[in-house]
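Numbering follows my numbering, in which position 319 of the sequence shown is assigned residue number 319; successive positions increment by one, without gaps.
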Amino acid sequence: MTKTKIITLMCCLPDLASVNIKDRLLESENWTKADVPPIEKMKDALLKYPISTSVLYTEDKGKELSNLFTEVYELTKGDTLFRMISIDGRIIFQDYLDKRLEDLGFKSDLIVFLSKHKSQSETKALTAHPSGNYAAADYGGHPGSLCTPAPLAMKKLLLVMDRLNAETGLSYDVTFEVTHHGPTELETPSLFVEIGSTEKEWIDPKPGLVVAKAVLSLGEPDDANAACERLSKEAKLLEENAVAVAFGGGHYGDRQTVSLFRTKLAYGHMFPKYQLETITEEVILKAFERTGSNLAFFDKKSMRGPDRRRVTEILEKHNIPIINDKDSVAEYGVGFNLREKENENEE
């Protein structure tokens, strides 16, 4: 008998993009409204497994009860049960959420946080990333701590969002973000999927629907509906993945994103070039442990010599092999780039 996979989707009601994605999910399928656990049980779970806080968010002080569940919807698709939970609290503070879910009878195999993305450039973007703190915990989570990422789920989300972005003519950037902010104390694999980067995009139903469809694809077999060339390539990229921890590049992990679309590589935690000078050996090793990987990817050209040598020394000491962009194509390439046709058309 096939085991049911349970995917928890977390919606933050004050987050406009989160609500947009939630609304598109509810419109797309026939969800069932489920009972919210009793308030006293939720309070007990919150006391037993507390959220994190941040001195930067003083307005949240004393509002712990905003993290109680306000509504729950469920949807079964094949062997997957989607459970969508709404809260009034900030999702970056949801440490030990997996423990609270289990305590309330909502054990999960994957947690997906539906969120907005904000950037100074105000670029239209659909992003996915793991959560964690290299050092200080200014934005939720614990210092120097990392969540358990979901590399294959992140890869599938980005592949499907990229396809739907092309099919709908949305013209958003579809990209990784590197590891950042909380929550960190999650043993259950988790990821953030986000719409950026201004209120105009956060409330636009079109990107909301793209993200909603991509999220629902996590309940489908990887080779489902591989009827056209692009879908067949998508399925090929999701076969026999090698998972890496990445070092270098900027906040959007450009080379990691490119290799996602042209190789069988998937990524767990990703450390940008501006964090490499101060990142500790302990956190580096924790990234591999949490990711479940023994392979490192270097965006070599972006890394300062001293940083590259220091990280290399740590990895070699622990027998962790290193590949770069060229190696990744040679060892894990599939003979095509999923974006080639679109790029040619743009030119």
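Every residue gets a Cβ at the ideal spot worked out from N, C-alpha and C, and that includes glycine. Since the structure is predicted, the reported quantities are computational estimates derived from the model, not experimental observations.
>> Can you check which of these residues, L114, L158 and G219, is closest to S18 by C-alpha distance?
In response: Taking the sequence shown and counting its residues from 1, one reaches residue 18 at position 18. Per the Cα distances, L114.
> Closest by CA to N324, which one among D23, V258 and E177?
Replying inline: Taking the sequence shown and counting its residues from 1, the one referred to as residue 324 is at position 324. Cα-wise, what sits closest to N324 is V258.
> Does the beta-carbon of A135 have 16 or more other beta-carbons within 10 angstroms, so that it is buried, or is it exposed?
Replying inline: As a position in the sequence shown, residue 135 is number 135, starting the count at 1. Under the 10 Å beta carbon count, A135 is surrounded by fewer than 16 other beta carbons and is classified as exposed.
>> Nearest by alpha-carbon distance to L349: which of D60, F69, S52 and K5 is it?
In response: Residue 349 is absent from the model: the chain starts at 1 and stops at 347.
> Is E201 helix, strand or coil when you go by DSSP?
Replying inline: Counting from 1 along the sequence shown, the entry for residue 201 is found at position 201. Of the three classes helix, strand and coil, the one that applies to E201 here is helix, per DSSP.
> So, is E194 buried or exposed, given that buried needs 16 or more other C-beta atoms within 10 angstroms?
Replying inline: Position 194 of the sequence shown, counted from the start, is the residue given in the question as residue 194. Burial is judged here by how many other beta carbons sit within 10 angstroms of a residue's own beta carbon; E194 has at least 16 and is buried.
> Do you know whose CA, among D307, A266 and K300, lies nearest E281's CA?
Replying inline: Start at 1 with the first residue of the sequence shown, and residue 281 comes out as number 281. Comparing Cα positions, the closest option is D307.
>> Please list the terminal residues of the continuous beta strand (DSSP E) segment that includes T175.
In response: Counted from its first residue, the sequence shown places residue 175 at position 175. Per DSSP, the unbroken beta strand (DSSP E) holding T175 starts and ends at D173 to F176.
>> How far does the alpha helix (DSSP H) with G268 in it extend, from its first residue to its last?
In response: Sequence index remark: in the sequence shown, residue 268 carries index 268 (1-based). Going by DSSP, G268 is part of no alpha helix (DSSP H) but of the beta strand (DSSP E) stretching over L265 to F271.
> Would DSSP call G305 helix, strand or coil?
Replying inline: In the sequence shown, residue 305 corresponds to position 305, counting from 1. DSSP places G305 in helix when its eight states are reduced to three.
> Helix, strand or coil: which one does DSSP assign to I7?
Replying inline: Indexing the sequence shown from 1 puts residue 7 at position 7. I7 falls in the strand class under three-state DSSP.
>> Would you say E29 lies against chain D (beta-carbon separation less than 8 Å)?
In response: Protein chain content of the structure displayed is limited to a single chain, and chain D is not contained in it.
>> Taking a contact to mean a Cβ-Cβ separation below 8 Å, would you say K124 touches G196 in this structure?
In response: By 1-based counting over the sequence shown, the position of residue 124 is 124. By 1-based counting over the sequence shown, the position of residue 196 is 196. Yes.
> Rounded to the nearest angstrom, how far is the Cβ of R100 from that of L46, given a contact under 8 Å?
Replying inline: Along the sequence shown, one-based indexing puts residue 100 at 100. Along the sequence shown, one-based indexing puts residue 46 at 46. Contact holds; Cβ gap of about 7 Å.
> How is F261 classed by DSSP in three states: helix, strand or coil?
Replying inline: Your numbering for residue 261 matches position 261 in the sequence shown. Assigned with DSSP and collapsed to three states, F261 falls in coil, not helix or strand.
> DSSP on Y96, reduced to helix/strand/coil?
Replying inline: Taking the sequence shown and counting its residues from 1, the one referred to as residue 96 is at position 96. In the three-state scheme derived from DSSP, where H, G and I count as helix and E and B as strand, Y96 is classed as coil.
> Taking only runs of the beta strand (DSSP E) that begin and end inside the segment 3-81, which ones reach a length of at least 3 residues, in chain order?
Replying inline: Counting whole runs of 3 or more residues, the segment 3-81 contains the beta strand (DSSP E) stretches 5-12, 32-34 and 69-77.
> Can you pull the DSSP bridge partners for N324?
Replying inline: Residue numbering aside, residue 324 sits at position 324 when the sequence shown is read from its first letter. DSSP output for N324 lists F298 as bridge partner(s).
> From D79 to T2, what does the alpha carbon distance come to, in whole angstroms?
Replying inline: On the sequence shown, residue 79 is found 79 positions in, with the first residue counted as 1. On the sequence shown, residue 2 is found 2 positions in, with the first residue counted as 1. Using only the alpha carbons, I get a separation of about 7 Å.
>> What would DSSP say about L191, mapped onto helix, strand or coil?
In response: As a first step, residue 191 is located in the sequence shown; it is residue number 191 there, counting from the start. When secondary structure is reduced to three states using DSSP, L191 falls in the strand class.
> Using a Cβ-Cβ cut-off of 6 Å (strictly less than) and excluding sequence neighbours within five positions of L81, which residues of its own chain qualify?
Replying inline: Indexing the sequence shown from 1 puts residue 81 at position 81. Cβ within range, chain order: T4 and I6.
> F271 and F298: beta carbons closer than 8 Å?
Replying inline: For the purposes of this step, residue 271 is taken as the residue at position 271 of the sequence shown. For the purposes of this step, residue 298 is taken as the residue at position 298 of the sequence shown. Contact flag unset, no.
>> Buried or exposed for C11, going by 16 or more other Cβ atoms inside 10 Å?
In response: By 1-based counting over the sequence shown, the position of residue 11 is 11. When all chains shown are included, C11 counts as buried.
>> Nearest by alpha-carbon distance to E239: which of L110, P37 and L159 is it?
In response: Working through the sequence shown from its first residue, we reach residue 239 at position 239. The candidate whose alpha carbon is nearest that of E239 is L159.
> Just the Cα atoms here: how many angstroms apart are K77 and K107?
Replying inline: Sequence index remark: in the sequence shown, residue 77 carries index 77 (1-based). Sequence index remark: in the sequence shown, residue 107 carries index 107 (1-based). Roughly 17 Å separates the two Cα atoms.
> If D95 and G182 are in contact, beta carbons under 8 Å, what's the gap, nearest whole angstrom?
Replying inline: Against the sequence shown, residue 95 aligns to sequence position 95. Against the sequence shown, residue 182 aligns to sequence position 182. Going by Cβ atoms, the distance from D95 to G182 rounds to 6 Å, so yes, they are a contact pair.
>> Let's test the definition: count the other Cβ atoms within 10 Å of the Cβ of K22 and tell me whether it reaches 16, buried, or not, exposed.
In response: Here residue 22 is taken as the residue at index 22 of the sequence shown, counted from 1. Result: buried.
>> Let me check one thing: in DSSP terms, what residues is G132 bridge-paired to?
In response: By 1-based counting over the sequence shown, the position of residue 132 is 132. By DSSP's assignment, G132 forms a beta bridge with L146.
>> Going by DSSP, what residue range makes up the alpha helix (DSSP H) through K118?
In response: Counting from 1 along the sequence shown, the entry for residue 118 is found at position 118. Not the alpha helix (DSSP H): K118 falls in the beta strand (DSSP E), residues L110 to K118.
> Under the three-state reduction of DSSP, which class applies to S121: helix, strand or coil?
Replying inline: As a first step, residue 121 must be located in the sequence shown, where it is residue number 121. Of the three classes helix, strand and coil, the one that applies to S121 here is coil, per DSSP.
> In terms of residue numbering, what span does the alpha helix (DSSP H) encompassing R247 cover?
Replying inline: Taking the sequence shown and counting its residues from 1, the one referred to as residue 247 is at position 247. Checking the sequence, you will find Phe at residue 247 rather than Arg. From DSSP, F247 is part of no alpha helix (DSSP H) but of the beta strand (DSSP E) over A242 to F247.
>> Quick check: L152 and N294, are their CB atoms within less than 8 Å of each other?
In response: Here residue 152 corresponds to residue number 152 of the sequence shown, with the count starting at 1. Here residue 294 corresponds to residue number 294 of the sequence shown, with the count starting at 1. No, they are not a contact pair.
> Can you tell me the Cα-Cα spacing of D109 and L9, whole angstroms?
Replying inline: Taking the sequence shown and counting its residues from 1, one reaches residue 109 at position 109. Taking the sequence shown and counting its residues from 1, one reaches residue 9 at position 9. Spanning the two alpha carbons is a distance of roughly 11 Å.
>> Considering only their Cβ atoms, is the gap separating S66 from A137 smaller than 8 Å?
In response: Indexing the sequence shown from 1 puts residue 137 at position 137. Indexing the sequence shown from 1 puts residue 66 at position 66. In terms of Cβ geometry, A137 and S66 do not form a close pair [threshold 8 Å].
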